[in-house]
Amino acid sequence: MIAVENVEVVYNKGTLDEKVALKGVSAKISPGEFVIIVGSNGAGKSTLLKVITGEIKPLRGSCKVMGSAANVNQIFRKASIVCQDPNAGVFPNLTIEENLILARRKGLRGLTFGRIDRKSIELLKSTKLSLEKDLKRKASKLSGGQKQALALVMAVSSDPKLLLLDEHTAALDPKSTETIMELTKRINKELGTTVLMITHDMAIAESYGERVIVMEDGRVSAVIDKTTRKVVASELKAMIGTTPLLTRD
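Okay, so the sequence shown: first residue is 5 according to the working numbering, each after it adds one.
Printed below as a string of C-alpha cells:
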C-alpha cells in the first residue's frame with residue numbers, strides 16, 4: 005500500500021535556515037493495516053505525511069503509494085485525508101445530508117444530488133451522537149467532535165483504499181477523542197480501509213495502533229507491532245514524554 009525507502013527531506017537547502025527534516029526514513033504499510041506514527045514536536049511526522057501525499061518531493065529516496073510514485077492527483081482519487089481542524093473537513097453552510105451526498109460523489113463530474121448510502125448512516129449511528137437523526141441540520145451548528153465525526157464518515161463514503169489522518173483528534177476534548185478513535189477503528193475493521201494516522205498522543209498510539217512507528221529527530225527510532233507494544237511502553241514514554249503534545253511539527 006505504502007512503501008517509503010530511505011527518504012531524505014531538506015528544507016531551505018543551501019541557506020542559513022537549512023534543516024534536514026527527514027533522515028533516511030523507511031517504512032511500509034500493508035493493505036488493511038492501522039498504523040500510527042507518533043513522536044514529539046519536530047520529529048518529522050507531518051513532513052513524512054506530506055511526502056506520502058506527494059506535497060513534498062524528497063531530496064533522496066522514494067515513496068510509492070499503491071504501486072505508483074506518490075503524487076497529489078493519485079491521493080485525491082484513491083485516498084481521503086482528515087486533518088486537525090474540525091471545520092476543514094465539512095462544508096459548514098450545507099446540511100449533514102448534503103455534506104454526505106457531496107462526499108460520496110468525490111471525483112465525479114456534476115453536482116446532481118442522490119441519496120445517502122446505508123454505510124454512512126450506520127457509521128453515524130455508531131458514534132451515538134444522533135447525527136443520523138438530524139440530517140437537515142447545518143454543519144456549522146455542530147460541535148467540534150460532531151464535525152470531525154461527520155468529516156470521517158464523509159472521508160470514507162467514496163470507498164477510498166487509504167485513509168490518512170493528520171492529528172485528527174488533537175483539537176478535541178477527551179470524550180470526543182474517544183468517540184472519533186472508536187469510529188476510526190470501526191472504519192478500519194469493518195470496511196477494511198487502510199489507516200495511517202499521525203499523532204503526538206502516545207496513549208492513542210498504544211491503544212489503537214496495530215503498528216506504531218516512533219519518530220525522533222527526523223528518523224524512525226522504533227517500530228512496534230501489536231504483540232510487543234505493551235512491553236516497550238515505558239521505553240516509548242521515555243522517547244516522547246508521558247504528556248500528549250498538541251503542537252504540530
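In this text, a Cβ means the ideal position worked out from N, Cα and C, and glycines have one as well.
Measuring alpha carbon to alpha carbon, tell me which of the options ends up nearest residue i.
i, options, result
"PHE95", "LEU154, LEU200, TYR212", "LEU154"
"HIS204", "ARG122, LYS68, GLN88, LEU106", "GLN88"
"VAL13", "ARG190, GLU59, PHE38, LEU187", "GLU59"
"THR198", "VAL11, GLY46, SER44, ASP163", "ASP163"
"TYR15", "LEU26, MET5, ALA7, ILE6", "LEU26"
"MET158", "GLU210, SER180, ILE100", "ILE100"
"ARG190", "ALA107, PHE38, MET5", "PHE38"
"CYS67", "ASN77, VAL55, VAL76", "VAL55"
"LEU169", "ILE79, SER84, SER72", "SER84"
How long is the line joining the alpha carbons of residue i and residue j, rounded to whole angstroms?
i, j, result
"GLU9", "VAL160", "28 Å"
"MET219", "ARG119", "42 Å"
"SER225", "ASN97", "44 Å"
"THR57", "LEU167", "11 Å"
"SER134", "ARG109", "24 Å"
"SER30", "THR173", "25 Å"
"SER144", "LEU104", "14 Å"
"VAL42", "LEU53", "12 Å"
"ASN77", "LEU156", "20 Å"
Could you tell me the boundaries of the alpha helix (DSSP H) in which residue i lies?
i, result
"ILE56", "49–57"
"PHE80", "76–82"
"THR183", "178–195"
"ILE100", "100–108"
Using three-state DSSP, classify residue i as helix, strand or coil.
i, result
"THR131", "coil"
"PRO160", "In the sequence as displayed, the identity of residue 160 is Val instead of Pro. Reduced to three states, the DSSP call for VAL160 is helix."
"LEU26", "strand"
"LEU169", "strand"
"SER44", "coil"
"GLU126", "helix"
"ILE120", "coil"
For residue i, is the classification buried or exposed, using 16 other Cβ atoms within 10 angstroms of its Cβ as the cut-off for buried?
i, result
"GLY18", "exposed"
"ASP177", "exposed"
"ARG215", "buried"
"LYS193", "exposed"
"SER50", "buried"
"LYS151", "buried"
"PRO62", "buried"
"SER180", "buried"
"LEU127", "buried"
"GLU171", "buried"
"SER2", "Residue 2 lies beyond the range of the chain shown here (5 to 253); nothing can be said about it."
"SER147", "exposed"
"ALA35", "One detail in the question is off: residue 35 reads as Pro in this sequence, not Ala. Exposed, since its Cβ has fewer than 16 Cβ neighbours within 10 Å."
Could you please give the first and the last residue of the uninterrupted beta strand (DSSP E) stretch that includes residue i?
i, result
"ALA143", "Segment: none, ALA143 is in no beta strand (DSSP E) and carries neither H nor E."
"GLU12", "6–15"
"SER66", "64–69"
"SER34", "First-last for SER34: undefined, no H or E at that position."
"ILE60", "Note, ILE60: premise wrong, no beta strand (DSSP E); not H, not E."
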